[in-house]
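Visitor:
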Amino acid sequence: MSIKVRNTTRYLLTEQLKMTGWSVLALFAVFGVLPLLFALITGNIRQYSPLGNFADLSLGALFFMLIFIVGALTYDNFKLFIQNGISRQTYFQARVLALLMLSGLFVIINAIYYYGIHAPYLHWSTNAALMKTAYSMYGYALGSHIWLNLLASLFFNWIFYIGVGLTGMACGTLLALFGKWAKTILIIATPIIGVLIIWVLIVIMTRNQSNYNYTGLENFFKFIVGYPSHGEAKAGYFNPTMPFITMLIGCGIIGSLAYLFNRKLRIRN
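Using the numbering used here, the first residue of the sequence shown is number 67, and each one after it goes up by one.
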């Protein structure tokens, strides 16, 4: 790793950690201070539980939004680095490295909070807590070894966060290629067009339900999610291999798009 890449990565990661810190403090204020003020005003201070409010923080949702937003923030840092002699390639490499480290940190912090605070507060065992996560479909994929399954779930979450961050990078870099008005139109029009496309597909599939054979599509989705090829499909016993591979391929594709968009970036006058 070159000195420029290392220094650029350090700067980006420092700025991202500052944003994360302020966001977590804001979350503490919303879930801690505001309920306390409400309890004081309404005279229900005896029912106020600091531990209960702290144990119900939605850190996973916060980190999900943060990793996308951090990835989407593109132009200001690009302008700063280009004006200080940092190339586009160095900037992109530093962004990816910072994303890998920040997403890994998010996974570790969220796991410590979820399994160390949230689960014990609700009297959940480690296995019960694991089976209430998004990884619950694959919770027993590595047998009864709870710690192996737990590590696999953390790796699963890490890849997912990386994919979300790369998606943010691709979207932010694409928007940075356009001017103010074109950017506004894209932000407004894209969700509307997406909803219309989904609505049209639903209408077509509903009206032609008896004419179309969806067996192939169904088998494809079963393959993607790791549907068991033998025996009954029970939560926890799906095969995580294909979801892992699918997410890695998705990260590669969206990362390539972000790189291509990054090469087109220019400083606007």
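No residue lacks a Cβ here, since even glycine has one placed at the ideal position from N, Cα and C.
For clarity, every value in this text was computed on a predicted model and none was experimentally measured.
#1: If we require 3 or more residues per run, which beta strand (DSSP E) segments fall completely within the segment 284–323?
#2: According to DSSP, is L220 helix, strand or coil?
#3: Compare the C-alpha of P306 against each of L217, N176 and T140 and name the closest.
#4: Can you say whether G292 is buried or exposed, counting buried as having 16 or more other CB atoms within 10 angstroms of its CB?
#5: Consider the Cβ of Y204: report whether some Cβ of chain D lies at a distance smaller than 7 angstroms.
#6: Mind checking which residues open and close the alpha helix (DSSP H) that includes L188?
#7: Would you mind giving the Cβ-Cβ distance between N215 and L196, rounded to the nearest angstrom? I have them listed as a contact below 8 angstroms.
#8: Can you name, in chain order, every residue of its own chain whose Cβ lies under 7 angstroms from the Cβ of Q159, other than the five neighbours on each side?
#9: Just the C-alpha distance for S202 and L139, rounded to the nearest angstrom, thanks.
#10: Roughly how many whole angstroms lie between the Cα atoms of L165 and I107?
#11: Quick one: Cα of L123 to Cα of A236, how far?
#12: On a Cα-Cα basis, can you pick out the residue from V230, S219, Y206 and N223 that is closest to I319?
#13: I need the boundaries of the alpha helix (DSSP H) containing T86, first residue and last residue.
#14: Please state whether the Cβ-Cβ distance between L128 and A177 is less than 7 angstroms.
Guide: By the coordinates alone:
#1: none
#2: Locating residue 220 in the sequence shown gives position 154, where the first residue counts as 1. Correct three-state label for L220: helix.
#3: Counted from its first residue, the sequence shown places residue 306 at position 240. Minimum Cα distance to P306 is reached at L217.
#4: As a position in the sequence shown, residue 292 is number 226, starting the count at 1. G292 comes out buried.
#5: The question asks about chain D, but that chain is absent: this structure has only one protein chain.
#6: As a first step, residue 188 is located in the sequence shown; it is residue number 122 there, counting from the start. Careful: L188 lies outside any alpha helix (DSSP H) and carries neither H nor E.
#7: As a working note, residue 215 is residue 149 in the sequence shown. As a working note, residue 196 is residue 130 in the sequence shown. With a Cβ gap of about 6 angstroms, N215 and L196 count as contacting.
#8: Position 93 of the sequence shown, counted from the start, is the residue given in the question as residue 159. Taken in chain order, the residues that qualify are V71.
#9: One-based indexing of the sequence shown puts residue 202 at position 136. One-based indexing of the sequence shown puts residue 139 at position 73. If you take the alpha carbons of S202 and L139, they lie about 32 angstroms apart.
#10: Looking up residue 165 in the sequence shown gives position 99. Looking up residue 107 in the sequence shown gives position 41. For L165 and I107, the distance between alpha carbons rounds to 43 angstroms.
#11: On the sequence shown, residue 123 is found 57 positions in, with the first residue counted as 1. On the sequence shown, residue 236 is found 170 positions in, with the first residue counted as 1. The alpha-carbon atoms of L123 and A236 are separated by roughly 29 angstroms.
#12: For the purposes of this step, residue 319 is identified with residue 253 of the sequence shown, where counting begins at 1. Checked all of V230, S219, Y206 and N223; the closest Cα to I319 is V230.
#13: The residue you call residue 86 lines up with position 20 of the sequence shown. It spans I69 to F94 - the alpha helix (DSSP H) in which T86 sits, taken as one unbroken run.
#14: Within the sequence shown, residue 128 is the residue found at index 62, counting from 1. Within the sequence shown, residue 177 is the residue found at index 111, counting from 1. No. Outside cutoff.
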